[in-house]
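Adding 984 to a residue's 1-based position in the sequence shown gives its number in this note's numbering.
Even for Gly, the Cβ is constructed at its ideal location relative to N, Cα and C.
Fair warning: this is a prediction, and the values are worked out from it, not measured in the lab.
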Amino acid sequence: MATRIDGKAVSAKVREEVAKEVAALKEQGICPGLAVVIVGDDPASRIYVNNKKKACQATGIYSEEYALPAETTQEELLALVDKLNHKKDIHGILVQSPLPKGLDEEAVVEAIDPKKDVDAFHAYNVGKIMLGDYQFLPCTPAGIMELLKAYDISVEGKRCVVIGRSNIVGMAMLLLHQNGTVTVCHSRTKDLPEVTRQADILVSAVGKSHFVTADMVQPRAVVIDVGMNRDENGKLCGDVDFDQVEPIASYITPVPGGVGPMTIAMLLKNTVTAAKMQDQSL
Ligand code: GUN
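Right, here's the structure in full:
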């Protein structure tokens, strides 16, 4: 039976460290600030944004929320990003995804000052990650690396298989930087189970419940579930068929309580990094 990786516990530790760092920065007159922009009324996004605000509050990070109506135009959104780029008390900017139809998400991300891009979605930061020379790591992959570290799971020389292409570039690169042998699979991959069965470390970011079944998992594999889905009964679940896979894996992340809490913790960490970078005296 696999060990369940406790993302709540590991994220609590990261948040504790962040809170200490925030307190130290405040003594030097710097208060890290995060602006969270949400457009429209997607219920899942509303929950994520509320959680991000609460996490800021709990760690002493100053936060501002900009909740804009779904009818917001691209120009209005870009004008807000520009204002936040120049706002001195804001060190990190996060535009919650997905944006309502009609808004160009890529253009909005590219408008964010890379120094304030705490999601690490801007092309500049993505490029830096590819080069292995980065200030910000994307929150979800960075959170996963922290989980592996916390459980002493080495990536060195391991076969790592990542399923899903959305924003997973960072995941593949971080595993590669730690000397994993990385394969990225997607909807066009031929004989997916054949490939995933090779994985010592399997990361799934597909967005479909019960997608990863026991026949796709090598015995004793480490299984990391990035999925955030609702099952037939409306219950929150990941991509992995947990009941099937838990008995054969060596480690597994549950949903909820696995990767999710880490993503927010790493966002806080990136906001502190941004504040330090933007303060010339440090
Ligand atoms: N929507 C779901 N996850 C995220 C995230 O990490 N950042 C942003 N900006 N939007 C999201």
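> Taking C-beta to C-beta, are Pro1231 and Met1200 nearer than 7 angstroms?
Replying inline: Along the sequence shown, one-based indexing puts residue 1231 at 247. Along the sequence shown, one-based indexing puts residue 1200 at 216. No, the pair does not count as a contact, with Cβ atoms beyond the cut-off.
>> Give me the pocket residues for the ligand GUN, defined as CB within less than 6 angstroms of any heavy atom, sorted by chain position.
In response: Tyr1032, Leu1078, Val1079, Gln1080, Ser1081, Asp1103, Cys1123, Thr1247
> Skipping 5 residues on each side, what residues in its chain have a beta carbon closer than 7 angstroms to that of Ile1014?
Replying inline: Within the sequence shown, the letter at position 30 stands for residue 1014. Only Ala1259, Asp1263 meet the Cβ criterion.
> By a C-beta neighbour count over all protein chains shown, 10 Å radius and 16 as the cutoff for buried, is Glu980 buried or exposed?
Replying inline: With the chain running from 985 to 1266 in the structure shown, residue 980 is simply not present.
>> Let me check understanding here. Comparing Cα to Cα, which of Lys1219, Met1114, Leu1132 lies closest to Met1246?
In response: Taking the first residue of the sequence shown as position 1, residue 1246 is located at position 262. It is Leu1132 whose Cα lies nearest to the Cα of Met1246.
> If we call anything under 7 angstroms between Cβ atoms a contact, is Val1168 one with Asp1209?
Replying inline: In the sequence shown, counting from the first residue as 1, residue 1168 sits at position 184. In the sequence shown, counting from the first residue as 1, residue 1209 sits at position 225. For Val1168 and Asp1209, no; Cβs fall outside 7 angstroms.
>> Bridge partners for Ile1022 per DSSP, in chain order?
In response: Counting from one through the sequence shown, the residue named residue 1022 turns up at place 38. For Ile1022, which the question treats as bridged, DSSP gives the partners Ala1051.
> Just reading off the beta strand (DSSP E) that Asp1066 is part of, what are its end residues?
Replying inline: Counting from 1 along the sequence shown, the entry for residue 1066 is found at position 82. No beta strand (DSSP E) holds Asp1066; the alpha helix (DSSP H) holding it covers 1058-1069.
>> Looking only at its chain, what residues have a beta carbon closer than 8 angstroms to the beta carbon of Ile1248, apart from the 5 residues adjacent to it on each side?
In response: Here the question's residue 1248 lines up with position 264 in the sequence shown. Result list for Ile1248: Ser995, Asn1035, Lys1036, Ala1039, Cys1123, in chain order.
> Are at least three pairs of beta-carbons, each pair with one atom in the stretch 1089-1105 and one in the stretch 1058-1077, less than 8 angstroms apart?
Replying inline: yes
> Where do the N-terminal and C-terminal ends of the alpha helix (DSSP H) with Leu1252 fall, by residue?
Replying inline: The sequence position of residue 1252 within the sequence shown is 268, counting from 1. Where Leu1252 is concerned, the enclosing alpha helix (DSSP H) stretches over 1243-1262.
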